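K.L.:
Handing you a structure now.
Number of protein chains: 2
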Amino acid sequence: MLQRLANLRKSRNWSLQETADRLGIAKSTYAGYESGYRQPSLQALLQIANLFETTVDYILNRTNDKQEKLELVECLESEIALSLDGIPLTKEELYDFIAFTRLKRRIKNNDEE
Amino acid sequence: MLQRLANLRKSRNWSLQETADRLGIAKSTYAGYESGYRQPSLQALLQIANLFETTVDYILNRTNDKQEKLELVECLESEIALSLDGIPLTKEELYDFIAFTRLKRRIKNNDEE
DNA sequence: TATAATTGTTTGCGTAATGCGTATGAAAGT
DNA sequence: ACTTTCATACGCATTACGCAAACAATTATA
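Now the structure itself:
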C-alpha cells in the first residue's frame, strides 16, 4: 500500500535514517512503513505527506495526482484569501459558489444514473 | 481530525448504523471515528473515502499551509488546482464560477448607483 | 586489502490503541 | 405508555505500533 514511499524518498536522495530524522521517528519505524511491515499512524501519515509535499491519497496509491489542491471548504472556514479580477472574494460569494457547484454536481450525477 | 465525517454522513441523511453497515464495521467502531475517540485503520480510512466519494486528504482535514493570495483567473490559466468536497474542481466549474460572480458583481454595482 | 562508516533489514518487547459487543441514554414514531 | 430508532459510553481481548538493538550489506577511507 505504501510502495510509493521508497520512490519519494529516493528521488530526494535521502537515506532511511535521514528521512526518519526529518520525521522525528526511529529509523526502524520508518523502514517498517516502506517495507510494509507496519502502517503509520494517521499523524505520521500526515507528516510524511507534508515532508514529501504531496497528498495522502498519492502516498496511499489512491490517485496518481501528486499535486496538492486548495480545498474551497477550507477557504470558507479559514481566512485563505482568494481574489477575482484583483478584488478579494467575499465569504458570501464563495459560499454561493459552493452551494451552486454542489447542486450542479448532484444534478449531473442523477442524470448519469 | 475527523470532524468532516459527521458532515459527510449527515449530508447523505445516513445514521451511524447505516454508515457502519455500508462500511462493514460495527456501529460503535464508526461512531468512535466521528467522536474522535478512535482512529480508523488505513484500510478503514480508504473505505470511508470511497464510501463518501472524496479524498483521504479531505477527510483528514489536511490543509496546505500556503497562505498566499490566489487569483482565480490565474487558476484558470495555470494548473493551480482547487477542489470542492475533496473532488477536483474542473476548469468548467471554475469558469462558470468566474462568470457567475462577475455578473453578480456587475448587478450589485448597478443597484448601488 | 583491511577497516571504518554508512545504509538497509529484521527481531523482541513493552505499551498503547483498535474493534467488537454490550449497555445506557436520548429522540422519534405508533 | 410503549416500541423502535438513533447516538454515546464502557469493558475487554486482541492486535499492532514504535522503539532499541542486533544483524547484514554496501560504500568510503586509509
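Line by line, the protein sequences are chains A and B. Numbering follows our numbering, in which position 35 of the first sequence is assigned residue number 35; successive positions increment by one, without gaps. Numbering follows our numbering, in which position 1 of the second sequence is assigned residue number 1; successive positions increment by one, without gaps. Note that the Cβ used here is the ideal one computed from N, Cα and C, for glycine as well. Owing to the predicted nature of the structure, the values given are computational and were not obtained by experimental measurement.
Out of B:Thr-55, B:Leu-94, B:Ala-49 and B:Asn-61, which one is the CA nearest neighbour of B:Glu-74?
P.N.:
B:Leu-94
K.L.:
Should A:Ser-28 be labelled buried (16 or more other beta-carbon atoms within 10 Å of its own) or exposed?
P.N.:
A:Ser-28 comes out exposed.
K.L.:
Strictly below 8 Å CB to CB, what residues from chain B border A:Ala-49?
P.N.:
Correct list: Asp-57 and Arg-62.
K.L.:
For B:Gly-24, is the classification buried or exposed, using 16 other Cβ atoms within 10 angstroms of its Cβ as the cut-off for buried?
P.N.:
exposed
K.L.:
Using a threshold of 7 Å, state whether the C-beta atoms of B:Leu-84 and A:Leu-72 are closer than that.
P.N.:
Judged by their CB atoms, B:Leu-84 and A:Leu-72 are nearer to each other than the 7 Å cut-off.
K.L.:
Using the beta-carbon of each residue, which ones in chain A are nearer than 7 Å to B:Asp-111?
P.N.:
By Cβ distance, chain A contributes nothing, its closest Cβ being about 15 Å from B:Asp-111, past 7 Å.
K.L.:
For the alpha helix (DSSP H) holding A:Leu-42, just list the boundary residues, first then last.
P.N.:
42-51
K.L.:
If you draw a straight line from the C-alpha of A:Gly-36 to the C-alpha of A:Asp-96, how long is it?
P.N.:
44 Å
K.L.:
Could one say the Cβ of B:Leu-115 lies closer than 7 Å to chain A's Cβ atoms, at least one of them?
P.N.:
Only positions 1 to 113 of chain B appear in this structure, which leaves residue 115 of chain B out of reach.
K.L.:
Counting only beta-carbon atoms, is A:Lys-108 nearer than 7 Å to chain B?
P.N.:
no
K.L.:
If I follow the unbroken alpha helix (DSSP H) through B:Ser-83, where does it start and stop?
P.N.:
Run containing B:Ser-83: none in the alpha helix (DSSP H); it sits in the beta strand (DSSP E), 82-84.
K.L.:
Determine, for B:Ala-81, whether the minimum Cβ-Cβ distance to residues of chain A falls below 7 Å.
P.N.:
B:Ala-81 counts as touching chain A.
K.L.:
Taking the straight line between their C-alpha atoms, what separation do you get for B:Gln-43 and B:Asn-109?
P.N.:
Between the alpha carbons of B:Gln-43 and B:Asn-109 lies a gap of roughly 52 Å.
K.L.:
With A:Tyr-30 and A:Leu-16 assumed to form a contact (beta carbons below 8 Å), what rounded beta-carbon distance in angstroms separates them?
P.N.:
6 Å
K.L.:
Which residue marks the beginning of the alpha helix (DSSP H) containing A:Gln-17, and which one marks its end?
P.N.:
16-23
K.L.:
To the nearest angstrom, how far is the alpha carbon of B:Lys-104 from that of B:Ser-11?
P.N.:
28 Å
K.L.:
With 7 Å as the threshold, decide whether the Cβ of A:Thr-29 is near any Cβ in chain B.
P.N.:
no
K.L.:
Check whether chain B comes within 7 Å of A:Lys-69, counting only Cβ atoms and requiring the distance to be less than that.
P.N.:
With 7 Å as the cut-off, A:Lys-69 counts as an interface residue toward chain B.
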